[in-house]
Amino acid sequence: MQSPLVNFIDVLRSHDVRVSPAETLDAMHAMSILGYEDREHLRIGLAATLAKTPREKVIFDACFERYFSHNFDADTAESEQAANKDSSDNSETAEQSEQNQQPGASGAVAGGDSGGDSSGSGGQSDPFDQVDSEDSPALQELLDSQLMQQLRDGEREHLTMDIARAAERSDLGEIRMFTQKGIFTRRILDEMGEDLLRNAVIEAEQTASNLLQPLRQYRDALRELVRDYVEREYLLHAEGRNQQFMEDIIGRTKLNNIEHQYMHRVQDLVRKMARRLAAKHSRKRKVYRRGQLNMTRTIRRGVATDGALFETFWKRTRKDKPQLLAVCDVSGSVAAYAKFLLLFLYSLNEVLPRVRSFAFSSNLGEVSELFEKYPVEQAVEMVNRQYGGATDYGTAFADFTSLALEDINSSTTVIILGDARNNNGDPRLDVLQSIYQRAKQVLWLNPESRRMWGTGDSEMRRYQSACHFAAECGSLKQLERVVDQLLKSTR
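Following the working numbering, the numbering of the sequence shown begins with 634 at its first residue and continues without gaps.
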């Protein structure tokens, strides 16, 4: 039972459902109790242990349906076969004997015209019954194999189980690309002993045997079963892996190099990164062991012990929540970076509740109200249209101090996003230094490579002296690392 479950959990993880080792053990325990008898009970039980959010519940249901739709019947048959093996051996032997006496049975997976004489019972004789082991050693070896017996008897459930076992031995769960489907199909066929069938076909071709046509039909039927199985597994396993692969590529690519048709993927990835950081840095309640005694909570807890105050609670001193001021250059050269930084920050409103945003090219203005009235994506587009133009950092910093300098204190973090290219204007370094002296930290994120800092009209080297931290931030991965460090420092 555990092997299909482990593979299913791997599928969930590839579709971005977090499953811990402890949750895996819980799922195994649930499956050992529920078994395979009732598919709906199994789905409910596994969902209770593996799906933790509404979003994960939707993904779980889709993956469960796709994974167990073709594995459930085979796994059920395997479990029942193992449980009832001793009691059913005799009946299965008798049934096989009866089927061998009736070679034209309709349950066969594939088969050609028998072409033989009529038997005494009025049915058609099986051409494979006339095989001489000395004249056709390859064919006789094939007929003695379990694979050929299953093909002739039409035992699809057992064939499916054998295909699943061969797929597990062939590491089919590692399939990633559509070009690998042929490779894994061949591996599975080799694991199942298809070479015996292939050798028998070659021998029949060389001897012009009348068994060539039915042998080819059995071979083609087996290959079709395996190809169908690999196709289903590819769609199940590779979809999530390919999405992760694309996300990794997009996350490491500079934002201004990403083509327009991939922008919706970038926005989805930003929201995904934001959810991951929000879960990582969400505040947890802490128990304090000192301070002023909270008599109300302490006495209320003592009611259960007849007034004996075994557990005490302490009042905590409330600290000012951290404030984040985002100052973004939205001129043409860095507009894409500003868009995704703001999208990132406002997607973290549960972790960073006090975010104020400012946008500039030359003149600067506060745009926080736009993010309160409109969805983040729409607000970003409006900011870019309203404040785009030629860049003047000196004027922008002067406007910023007139709007927000009095609000900056020791709990304020200022993030500046821009390439620091000032078109040879006055950089007003003194203004940035005044911000530096009042704020808890000033962070500068520059989408340009460090090798370009200070070249041409770039004032980055001078501005860097008035920042607590300056970093190259040209891709989503770099942006995620910076925001991760920011959240750590503001806790």
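Glycine included, each C-beta is placed from N, C-alpha and C at the ideal position.
Measuring alpha carbon to alpha carbon, tell me which residue in Phe641, Asp694, Pro654 and Thr929 is nearest Thr945.
Thr929
Which one or two residues does DSSP pair with Leu1050 in a beta bridge?
Per DSSP, Cys961 and Leu1078.
Could you compute how far the alpha carbon of Ala968 sits from the alpha carbon of Ile808?
Our two residues, Ala968 and Ile808, have alpha carbons roughly 39 Å apart in a direct line.
Here's a check: name, in chain order, each residue in its chain whose Cβ is nearer than 7 Å to the Cβ of Glu827, leaving out the five neighbours to either side.
Leu855
Taking DSSP's pairing of strands, which residues face Glu673 in a bridge?
DSSP lists no partner for Glu673.
Coil, strand or helix - Leu1119 by DSSP
helix
Taking the straight line between their C-alpha atoms, what separation do you get for Thr818 and Val863?
Going from the Cα of Thr818 to the Cα of Val863 covers about 6 Å.
For the alpha helix (DSSP H) that contains Ser1035, what are its first and last residues?
Tyr1026 to Ala1037
Report yes if the CB atom of Leu645 is closer than 8 Å to the CB atom of Leu683, and no otherwise.
yes
Extent of the continuous beta strand (DSSP E) to which Ser665 belongs
Here Ser665 belongs to no beta strand (DSSP E); instead the alpha helix (DSSP H) covers Pro654 to Leu667.
Bridge partner(s) assigned by DSSP for Val1086:
According to the sequence shown, residue 1086 is Trp rather than Val. According to DSSP, which records beta bridges pairwise, Trp1086 is partnered with nothing at all.
Could you pull the start and end residues of the alpha helix (DSSP H) that Glu836 belongs to?
Its alpha helix (DSSP H) spans residues Glu827 to Thr840.
Alpha carbon to alpha carbon, what distance is there between Gln1097 and Gln1118?
18 Å
C-beta contact flag for Arg1083 and Glu1105 at 8 Å:
yes
Let me know the secondary structure DSSP gives Glu698 once reduced to three states.
helix
Host alpha helix (DSSP H) of Val1016 (start-end)
Val1009 to Tyr1020
Taking three-plus beta-carbon pairs below 8 Å as touching, is the region 1032 to 1048 in contact with the region 1008 to 1019?
no
For the beta strand (DSSP E) that contains Phe993, what are its first and last residues?
Val988 to Phe993
Hey, quick one: how far does the alpha helix (DSSP H) through Leu942 stretch, first residue to last?
Leu942 -> no alpha helix (DSSP H), and no H or E assigned at all.
Measure the C-alpha to C-alpha separation of Ile1048 and Phe977 and round it to an integer number of angstroms.
13 Å
Restricting to Cα atoms, I'd like to know which of Phe701, Pro1008 and Asp1025 is closest to Arg672.
Sorting Phe701, Pro1008 and Asp1025 by C-alpha distance to the C-alpha of Arg672 places Phe701 at the top.
Beta carbon of Ser620, beta carbon of Asp1052: below 8 Å?
Outside the shown range of the chain, which is 634 to 1124, sits residue 620, and nothing can be said about it.
For Ala1023, does the three-state DSSP call read helix, strand or coil?
Coil at Ala1023, not helix or strand.
In whole angstroms, give me the CA-to-CA distance for Ile666 and Asp659.
11 Å
Suppose contacts are defined by Cβ-Cβ distances below 8 Å. Is Arg831 in contact with Arg860 by that definition?
no
Please name the residue or residues paired with Phe1102 in a DSSP beta bridge.
Leu1076
Just the Cα atoms here: how many angstroms apart are Asn927 and Thr938?
18 Å
Neighbourhood of Ala1023 by C-beta distance below 8 Å, restricted to the same chain and skipping five residues each side
Ser964, Ser994, Ser995 and Asn1056
What are the start and end residues of the alpha helix (DSSP H) that includes Leu844?
First-last for Leu844: undefined, no H or E at that position.
When you compare only the Cα positions, how much space is there between Ser1044 and Tyr1069?
12 Å
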